[in-house]
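Numbering (the working numbering), first residue to last: 2 to 360.
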């Protein structure tokens, strides 16, 4: 069985195309065999497709499963008694949600890999942390899904974790000011979901005419962009207007989903999302053939983390474009890409977009 610990000491963006391909042929062979042997629904899919899991394949040739399948079925590759945590994707009232079942190994690997990837951007030293959310997000069982998991996961990268919003989702200026004053000469880490940062942090500060000082901070944010797109706010506008209210210079978007928690794709200094040694990305046409470089297609995500459920190769409902591989000027190896949007008639499901639909 593939052991993730065999690569956790390798820098997360250090494998060339050839090296990564060799790793993935072996790792995905083992993972696919494992899920085929232990998840009846997954084995039926592969059998129906006539796929032979006993021989090694390239990543492009191993069948993917649509991310929507996790909404319709409980997919497990371990005994139910081994499950220690069940994750739910974001979903508005009335929508079905994905349920992801984690055993101890998978849950631990998710945290380990998340820290490994993000530390490549923030540094290995833990930083004072400001979270643009309310503490109730990790207490309220109705809110504790991908949102709560994201907060808890990223909190591992910081200390003196401080919440910028009170229990009523109002900006707590006293708390924020105290945090800024306490760490005015230090680097700090800020985390929040995209819509939350925009709606409850930026817009409130702009409305009040307030400016705070977070120029030594790095903001990491992720989640749905749909609500911001409706307000004609793109990534560049988001960064520019945030700087107006808090002087922040480093803003880093990430792309990921609860079906592959941990192996997220971080935005580099050039504005591109990067795959790490723990993940890969493929774009597919509507006939599911592989897109060429710079050709927009459906985003297929590959992760080496899922052991307790067959989520190692999934087809998302997003549209993206691969820009290049191993040659980004930021110096990180691996594929780098952009997410362009979602396929039409797809449910609104990003963490931040989901909260927006509730208010």
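Even for Gly, the Cβ is constructed at its ideal location relative to N, Cα and C.
Nothing here was measured: the structure is a model prediction, and the numbers come from that model.
Problem set entry | Contact belief for residue 243 with residue 203 at Cβ below 8 Å, rounded distance in angstroms | 6 Å
For this session: For residue 182, count neighbouring C-beta atoms within 10 Å of its own C-beta (all shown protein chains included) and say buried if the count is 16 or more, exposed if not.
Result: exposed
For this session: May I ask you to list the residues that DSSP assigns as paired with residue 164?
Result: 132
Exercise. Bridge partners of residue 222, per DSSP?
Worked result: 193 and 254
Problem set entry | CA nearest to the CA of residue 288, picked from 316, 337 and 311 | 316
Exercise. What is the DSSP secondary structure of residue 149, reduced to helix, strand or coil?
Worked result: helix
Problem set entry | residue 126, DSSP secondary structure in three states | coil
Problem set entry | residue 383 - partner residues in DSSP beta bridges | Past the boundaries of the shown model lies residue 383; the chain is included only from 2 to 360, so the question cannot be answered.
Exercise. Among the residues of its own chain, which have a CB less than 7 Å from the CB of residue 17, if the five just before and after it don't count?
Worked result: 327 and 334
Exercise. Is it a yes or a no for the region 210-230 touching the region 189-202, going by three-plus beta-carbon pairs under 8 Å?
Worked result: yes
Problem set entry | Ordered list of alpha helix (DSSP H) runs contained in the region 12-52, each at least 4 residues | 18-39 and 41-49
Exercise. For residue 59, which of helix, strand or coil comes out of DSSP?
Worked result: coil
Exercise. Which residue from 241, 238, 184 and 250 puts its Cα closest to that of residue 361?
Worked result: Past the edges of the chain, shown from 2 to 360, lies residue 361, and the structure says nothing about it.
For this session: For the region 232-248 and the region 23-35, state whether three or more C-beta atom pairs, one from each stretch, are separated by less than 8 Å.
Result: no
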